[in-house]
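Residue numbers (my numbering), protein chains in the order written: chain A, 1 to 230; chain B, 231 to 460.
Ideal placement from N, C-alpha and C gives every residue a C-beta, glycine not left out.
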DNA sequence: GTCTATAACGAGATAGAC
DNA sequence: GTCTATCTCGTTATAGAC
């Protein structure tokens, strides 16, 4: 019966969500390396073997948490992009960067899961790629839109980098000039360098007014990808 | 007797070094979160309680590994700086950045220990600060030297950032203009963003020719801190 | 004094029989 | 799903060798 099946499916989804939430608690308390199906089961009052009906292995649970984290971050970035759809490209870029930072501050342990040290013995499957690329696609989109408007600042591209830059552009953004695509990948990594340093404590006793500092750094990143009128 | 004391001290140092080396092996195999004194002792054919003569607790062993890693990276950066002492500032900057990347590629697990996810339940004591700041001091030094030469490119400093920028400059490099100190801190974080993304797999299937890509990104970072004739 | 080894604690994980 | 026997862990107390 479709109602019974619907109810079953709903129940299954609720348990799945509860498992993931308990696992996220473990993530915060013990770290991804020590994530254990048994501890999750204990927290839920279940027996460990019951979890295997929802996640065939610890690694599959980890993968689900990783995809959820990437999707949550990606959504935050997309919402920021959409909320700033009327602003000039540079302001939209900064808004998206601030959304990434805001998400990281709100979810430090999930941030560590996806952008921190690799979990020993775990290797992410291809299934994570789609969710993982959402933030990057938002950043690409902001730059792409800017290229439809008035002239942007020119970017340098040394000869030795030309082959790699062409490859990057072809793979990521065929409609962007090679030098823009290259600068974008660098800015992408640098953005997460800023966020990671703040979240992982490297800014302790160094940067005080982190919000202002970050806004300015994001503005400089925007300039680095050419989002500035020439 | 001084010879006997010297021999004892030497033996103690050798055992200490062996413990740390075995612990570094654990770091690579299991990750910092699962570093276990017993496993280290087992690997060395010792009994776990004997380790307490050398490290009063597991956290102290972790701290020693962290300081060693920071010092090793710091030395690599200082060596690079000294080897390029005759080159122009921009080239010296790039050389130092490449040394940081090279060290990370050679010691990925120690890199993860110091720049990756925080170890749950562990909080680094003040003793680590000195070693942790060595790389940053090298970067500051390169920019400082450049400021003694001919005019550098001007850097922007919005009004809202001025108080924080003044604080940063006073703390880190009183002889540098506030905008240079601020740009330096941002470039420092961004440099490790680039290295971390490569080491932690974010560049997989994205950046192919990583050496060339990194050199160009480091060159852009140099421009971002003003290391370019105006 | 300096070290190593034995034994033990309390807490937690794990494997397998039932 | 439950129980139990057997592992791991960090850490401490203690005793004895050099």
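With respect to chain A, the C-beta atom of residue 273 of chain B has no partner C-beta closer than 9 Å. The contact set of residue 190 of chain A on chain B, defined by CB atoms closer than 7 Å, consists of 420, 423 and 424 in chain order. Using a Cβ-Cβ cut-off of 8 Å, residue 224 of chain A is close to 450 and 454 of chain B, given in chain order. Contact between residue 324 of chain B and residue 448 of chain B holds: CB atoms are separated by about 5 Å, below the 8 Å threshold. Between the C-alpha atoms of residue 345 of chain B and residue 200 of chain A there is a straight-line separation of about 8 Å. In the DSSP assignment, no residue is bridged to residue 268 of chain B. Among the residues of chain A, those whose CB is under 9 Å from the CB of residue 342 of chain B are 116, 117 and 118, following chain order. Rounded to whole angstroms, the gap between the alpha carbons of residue 251 of chain B and residue 434 of chain B is 30 Å. Here residue 426 of chain B is buried. Its C-beta has 16 or more other C-beta atoms within 10 Å. Assigned with DSSP and collapsed to three states, residue 459 of chain B falls in strand. Counting the other Cβ atoms within 10 Å of the Cβ of residue 17 of chain A gives fewer than 16, which makes it exposed.
When C-beta distances to chain A are compared with 7 Å, every residue of the region 284–318 of chain B stays at or above that value. Interface annotation, residue 404 of chain B: not in contact with chain A, CB-CB separation never under 9 Å.
Under DSSP, residue 382 of chain B shares a beta bridge with B:459.
Per DSSP, reduced to three states, the secondary structure at residue 349 of chain B is coil, with no helix or strand assignment. Relative to the Cα of residue 210 of chain A, the nearest Cα in the group B:300, B:422, B:298 and B:393 belongs to B:393. Taking 9 Å as the threshold, the shortest C-beta distance from residue 31 of chain A to chain B falls below it. Among the residues facing chain A, residue 371 of chain B is not included, as its CB has no counterpart in that chain under 9 Å away. In this structure, the CA atom of residue 308 of chain B is about 27 Å from the CA atom of residue 249 of chain B. The contact set of residue 186 of chain A on chain B, defined by CB atoms closer than 8 Å, consists of 424, 443, 446, 447 and 450 in chain order. Residue contact with chain B for residue 154 of chain A: absent (no Cβ-Cβ distance below 9 Å to any residue of chain B).
When rounded, the separation of the alpha-carbon atoms in residue 123 of chain A and residue 130 of chain A is 16 Å. Counting only unbroken stretches of 4 or more residues, the alpha helix (DSSP H) elements lying wholly within the region 317–379 of chain B are 319–336, 338–345, 359–362 and 364–378, in sequence order. The C-alpha of residue 128 of chain A is placed about 24 Å away from the C-alpha of residue 263 of chain B.
By the beta-carbon neighbour count (other beta carbons within 10 angstroms, threshold 16), residue 143 of chain A is buried. For residue 390 of chain B, the residues of chain A that pass the 7 Å Cβ criterion are 212, in the order they occur in the chain.
The CB of residue 437 of chain B comes closer than 8 Å to the CB of 164, 168 and 185 in chain A, given here in chain order. CA-to-CA, the gap between residue 297 of chain B and residue 381 of chain B works out to about 38 Å.
Judged by beta-carbon spacing, residue 310 of chain B lies within the 9 Å limit of residue 326 of chain B, meaning their Cβ atoms are closer than that value.
Residue 332 of chain B does not reach chain A, its nearest Cβ partner there being about 17 Å away, counting only Cβ pairs nearer than 9 Å. Chain A has a Cβ within less than 9 Å of the Cβ of residue 412 of chain B. With a threshold of 16 other beta carbon atoms within 10 Å, residue 111 of chain A meets it and is buried. Per DSSP, residue 423 of chain B is one residue of the alpha helix (DSSP H) stretching across 408–429.
If you draw a 10 Å sphere on the C-beta of residue 118 of chain A, you find 16 or more other C-beta atoms in it, and that means buried.
Judged by DSSP secondary structure, residue 281 of chain B falls outside any alpha helix (DSSP H); it is assigned neither H nor E.
Counting only Cβ-Cβ distances below 8 Å, residue 431 of chain B has contacts in chain A at 118 and 124, in chain order.
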